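A.B. asks: Protein chains in written order, with full-length UniProt numbering: chain A, 1 to 199; chain B, 1 to 147.
Yeah, the Cβ is synthetic: ideal placement off N, Cα and C, and Gly gets one too.
Note that the coordinates shown come from a computational prediction; the quantities given were computed from them, not determined experimentally.
First the structure, then my questions, so here it is.
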Amino acid sequence: MKKLFIFGVPLIAFVILVVFLFSGLFSDPRELDSQVKGKAVPDFSLPDLMAPEITYTPEVFSGKVTLLNVWGVWCVTCAVELPYLTELTQQEGINIVGLYFDQDLDPEFGTKTLNRVQQEVRDITGRFGNPYAFHIFDVYRDTALDLGVTGAPEHFLIDHHGVIRMHHVGDINERVWNNKVGPLYRQLKQELAQQSGAE
Amino acid sequence: MKNLILAVLLAISASAWATEDSYEFDSPEQRQLFLSLTEELRCPMCQNQNIADSDAMIAHDMRRKVYNLVRQGKSGDEVITYMKSRYGDFISYKPPVTPVTLWLWLAPLLFAVLAFLLVVKRRKSSPPEDMAAKLAKAEAMLKQDNK
Numbered sequence: 001m002k003k004l005f006i007f008g009v010p011l012i013a014f015v016i017l018v019v020f021l022f023s024g025l026f027s028d029p030r031e032l033d034s035q036v037k038g039k040a041v042p043d044f045s046l047p048d049l050m051a052p053e054i055t056y057t058p059e060v061f062s063g064k065v066t067l068l069n070v071w072g073v074w075c076v077t078c079a080v081e082l083p084y085l086t087e088l089t090q091q092e093g094i095n096i097v098g099l100y101f102d103q104d105l106d107p108e109f110g111t112k113t114l115n116r117v118q119q120e121v122r123d124i125t126g127r128f129g130n131p132y133a134f135h136i137f138d139v140y141r142d143t144a145l146d147l148g149v150t151g152a153p154e155h156f157l158i159d160h161h162g163v164i165r166m167h168h169v170g171d172i173n174e175r176v177w178n179n180k181v182g183p184l185y186r187q188l189k190q191e192l193a194q195q196s197g198a199e
Numbered sequence: 001m002k003n004l005i006l007a008v009l010l011a012i013s014a015s016a017w018a019t020e021d022s023y024e025f026d027s028p029e030q031r032q033l034f035l036s037l038t039e040e041l042r043c044p045m046c047q048n049q050n051i052a053d054s055d056a057m058i059a060h061d062m063r064r065k066v067y068n069l070v071r072q073g074k075s076g077d078e079v080i081t082y083m084k085s086r087y088g089d090f091i092s093y094k095p096p097v098t099p100v101t102l103w104l105w106l107a108p109l110l111f112a113v114l115a116f117l118l119v120v121k122r123r124k125s126s127p128p129e130d131m132a133a134k135l136a137k138a139e140a141m142l143k144q145d146n147k
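Here it is as structure tokens:
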């Protein structure tokens, strides 16, 4: 009995430790619990990047399933995922909206002109593909902060009620789309079809 | 010694300067609140730095937000709640006491109590053997060797 105790207790403690540390190997510290998941898109009133006279509010998300892509031309990974996102819009007809924010544009000491930002965006999308229906220009990066964005690229799947259903940090490639984003996107599409069928 | 003092002074002044940016405050209390808040809030990008130290863009933006909120007369708790509602409990270096985090405080305490109990039990379970009996045994062995 005593022998069992002497060998058993350290063994159990060791196994628990190994399981704990092993699971730590695969946990991503960047993966934070998103606070906006399951909530409506926070209120905003922002201009279109290309046509600043147009103003968007969360209303633009109602009635369709949207993939909101937080990005900027200064972000390398964002440019890398552009070809795949473009392919997705052609294959699946996704409504991809850009939430654009600029890094160099310091809200306190704005130095860059809007024209230059527009030109940079045209250059990049001309080179790598343009999956965007339009761009919402997050001038002061306030909406990005409200959404809990920590960098770029980040993605939000928004259902037809304007509720955020998924917050994906990082790029979307074929693997991420097939395993994570795609299945939920199809489910949201189905929900939309069911609702419009019921009406 | 003089060099050491100089080095320490330099280090302190550099860190104070780094957090200052170009923000101006209505009162010294507001400045103090801003400094303590940026020290307590954690940068979600550079995860082992607070937003006062970090140079990530998100840290810049969060400092600006904290500054604006402080200028609006918000209290420290309100600013922390504001950030927590966007980035979760992660954003603060002071973890809240929840059923999950409770173990951070309980586990060391339990460990100490357990160790104490074990020591006490050890003491009791090994009573000193009878010295006389031991000596007699040794004597017998010696006698046997001598034969």
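1) Are Ser-62/A and His-167/A touching if we call contact CB-CB under 8 Å?
2) Is DSSP giving Glu-59/A helix, strand or coil here?
3) Tell me whether Gly-72/A is buried or exposed, calling it buried when 16 or more other Cβ atoms sit within 10 Å of its Cβ.
4) When you compare only the Cα positions, how much space is there between Asp-53/B and His-60/B?
5) Along chain A, in chain order, which residues have C-beta atoms closer than 7 Å to that of Gln-47/B?
6) Taking the straight line between their C-alpha atoms, what separation do you get for Ser-15/B and Lys-84/B?
7) Output yes or no for whether 8 Å exceeds the beta carbon distance between Ile-158/A and Leu-49/A.
8) Alpha carbons only, please: which of Asp-26/B, Gln-49/B, Phe-111/B is nearest the one belonging to Leu-69/B?
9) Quick check on Ile-94/A: does DSSP put it in helix, strand or coil?
10) So, is Leu-88/A buried or exposed, given that buried needs 16 or more other C-beta atoms within 10 angstroms?
11) Taking the Cβ atom as the reference point for each residue, do Thr-86/A and Pro-131/A lie within a distance shorter than 8 Å?
12) Which ranges does the alpha helix (DSSP H) cover as unbroken runs of at least 4 residues, wholly within the UniProt domain "CcmH/CycL/Ccl2/NrfF N-terminal" (7 to 139) of chain B, from first to last along the chain?
13) Using a Cβ-Cβ cut-off of 8 Å, state whether Thr-77/A counts as contacting chain B.
14) Using 8 Å as the limit for Cβ to Cβ distance, is Arg-175/A near chain B?
15) Short of 7 Å Cβ to Cβ, which residues in the segment 136 to 158 of chain A face chain B?
16) Looking at the C-beta of Gln-103/A, does it have a partner C-beta in chain B at a distance below 8 Å?
17) List the residues of chain A whose Cβ lies closer than 7 Å to the Cβ of Pro-99/B, in chain order.
18) Using 8 Å for Cβ pairs, my map puts Cys-75/A next to Ala-152/A. What's the rounded Cβ distance?
19) In the segment 19 to 43 of chain A, which residues sit with their C-beta less than 7 Å from some C-beta in chain B, listed in chain order?
20) Ignoring anything shorter than 3 residues, give me the beta strand (DSSP E) runs that lie fully in the UniProt domain "Thioredoxin" (35 to 193) of chain A, in order along the chain.
21) Would Leu-99/A be called buried (16 or more neighbouring beta carbons within 10 Å of its own) or exposed?
22) Reducing DSSP to helix, strand and coil, say where Asp-145/B ends up.
23) If contact means a Cβ-Cβ distance below 9 Å, which residues of the segment 45 to 72 of chain B contact chain A?
24) Helix or strand or just coil, what does DSSP make of Phe-26/A?
25) Leaving out the 5 sequence neighbours to the left and right, which residues in its chain are closer than 8 Å to Glu-31/A when beta-carbon positions are compared?
C.D. replies: Short version:
1) no
2) helix
3) buried
4) 10 Å
5) Pro-29
6) Caution is warranted here: a pLDDT of 48 is assigned to Ser-15/B, below 50, making its placement in the model unreliable, and no coordinate value can be reported.
7) no
8) Asp-26/B
9) coil
10) buried
11) yes
12) 28 to 40, 57 to 71, 76 to 87, 102 to 125
13) no
14) no
15) Arg-141, Leu-145, Asp-146, Gly-148, Thr-150, Gly-151
16) yes
17) Chain A residues near Pro-99/B: none, gap ~16 Å exceeds 7 Å.
18) 4 Å
19) Pro-29, Leu-32, Asp-33, Gln-35
20) 66 to 71, 95 to 100, 132 to 137, 154 to 158, 164 to 169
21) buried
22) helix
23) Met-45, Gln-47, Ala-56, Met-57, Ile-58, His-60, Asp-61, Met-62, Arg-64, Lys-65
24) coil
25) Val-169
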